[in-house]
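Residue numbers (my numbering): 415 to 540.
Note that the Cβ used here is the ideal one computed from N, Cα and C, for glycine as well.
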């Protein structure tokens, strides 16, 4: 099984991995079929950091590589998937992560209850 990390899960894995539920930790550590980090997440982090909403050091990006996470770029197919999603959630970053997980048949690791309303396979992170 391959997994996609929600942005907050990526940050928790970087800062406090022990705060994640055991099932989420095991999925991330296993990495048998791949653990993906979307460019949506790095984009969201950089925007929020530039606005002063979060403090994240640049070493996060080398950490992503050191963990062996795979990069998931945004494709046209992913953006078209947004048109099929109901508006359960207004967060454009989260909606795009859902569309990516659906298009790529990935299990999304998240703690976001809004995301859990969508037709997407998830592992609860907290």
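- Contact annotation: residue 514 and residue 474 have beta-carbon atoms that are not nearer than 8 Å.
- Only exposed fits residue 469, as fewer than 16 other CB atoms lie within 10 angstroms of its CB.
- Residue 522 and residue 488 have their C-alpha atoms spaced approximately 16 Å apart.
- The C-alpha of residue 535 lies about 16 Å from the C-alpha of residue 500.
- In chain order, 451 place their CB closer than 7 Å to the CB of residue 478, counting only its own chain and leaving out the 5 sequence neighbours on each side.
- Residue environment for residue 465: exposed (fewer than 16 other C-beta atoms within 10 angstroms of its C-beta).
- Rounded to whole angstroms, the separation of the alpha carbons of residue 524 and residue 423 is 6 Å.
- Distance between residue 443 and residue 512, taken at the CA atoms: about 22 Å.
- Rounded to the nearest whole angstrom, the C-alpha separation of residue 445 and residue 467 is 31 Å.
- From the listed residues 526, 531, 415 and 532, the smallest Cα separation to residue 540 is found for 526.
- At a Cβ-Cβ threshold of 8 Å, residue 438 and residue 537 count as neighbours.
- Residue environment: residue 433 is assigned as exposed (fewer than 16 neighbouring CB atoms within 10 Å of its CB, all protein chains considered).
- Around residue 418, the same chain offers 450, 515, 520 and 522 as residues with beta carbons nearer than 6 Å, after the five sequence neighbours per side are excluded.
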